[in-house]
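J.: This is the structure, below, for whatever I ask next.
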Amino acid sequence: MADKTGKKGIGIIGYGGFGEFIRQAWDGMDNARVAAICDADSSRNPGDGIAFYTNIDEMLADANVDIVSIATPPSSHKEIAIQTLRAGKHALIEKPLALSMKDAEEIKRVADGRQSLRLSEIRKRRNWHYLAFDFQTQRA
Ligand SMILES: NC(=O)c1ccc[n+]([C@@H]2O[C@H](COP(=O)([O-])OP(=O)(O)OC[C@H]3O[C@@H](n4cnc5c(N)ncnc54)[C@H](O)[C@@H]3O)[C@@H](O)[C@H]2O)c1
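First residue of the sequence shown? That's 0 in numbering that gives the first Met the number 0, and the numbers climb one at a time after it.
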């Protein structure tokens, strides 16, 4: 849910090296704020007052989270992306979207069944292989 200033709430799943990096990026945006962080490893809790979860379902139940930024290892992307979409949250997945076309298509199928949700993937444009994997939907 957007806060009083209209900023969308971001929930980061996976707070390793890249999770920390994207938190800074989200915090630098005018229209978003990091509302919660989830990492299976409790030692990754930044301990600065932000809501922290070790359980993904608990973070997905947090009404302050509108968009989930997934920065876990690639082998977990499919499961977490589908879990996120089924919980009614938008999903932004770090590259690679999934480990196989089959898994990527499965994620897309779940997103397609939820017309109000947006699924986006961060991808490398310098590598032409990634250009074939256009799973970003245009629905808002
Ligand atoms: N867009 C880019 O340029 C870019 C750059 C670097 C990494 N990445 C991507 O970011 C992702 C993370 O990379 P990283 O280097 O930060 O990895 P990392 O191993 O440093 O961090 C991953 C974190 O996810 C947590 N985690 C793992 N499974 C989890 C689960 N089921 N629930 C909750 N937390 C879980 C781990 O405890 C760990 O803290 C990868 O997909 C990687 O490819 C993208």
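Note that beta-carbon positions come from the ideal geometry of N, C-alpha and C, so glycine has one too.
Taking only heavy atoms of ligand 3 into account, decide whether any of them is closer than 7 Å to the Cβ of G18.
T.: Within the structure as shown, ligand 3 is missing, the only ligands being ligand 1.
J.: Can you confirm whether the stretch 52-61 touches the stretch 1-15 when touching is taken to mean that 3 or more C-beta pairs between the two stretches lie within less than 8 Å?
T.: yes
J.: Using a Cβ-based criterion (distance less than 7 Å to any ligand heavy atom), does S41 qualify as near ligand 1?
T.: no
J.: According to the Cβ coordinates, are K6 and R32 closer than 8 Å?
T.: It is a contact, given that the beta carbons lie within the stated cut-off.
J.: Assuming H89 contacts V67 under a Cβ cut-off of 8 Å, what Cβ separation, rounded to an integer in Å, is found between them?
T.: Contact check for H89 and V67: beta-carbon distance about 7 Å, within the 8 Å limit, so the pair qualifies.
J.: Going straight from the alpha carbon of K3 to that of G87, what length do you get?
T.: 21 Å
J.: Mind reading off the beta-carbon distance from G8 to A34? Whole number of angstroms is fine, and I expect it under 8 Å.
T.: 3 Å
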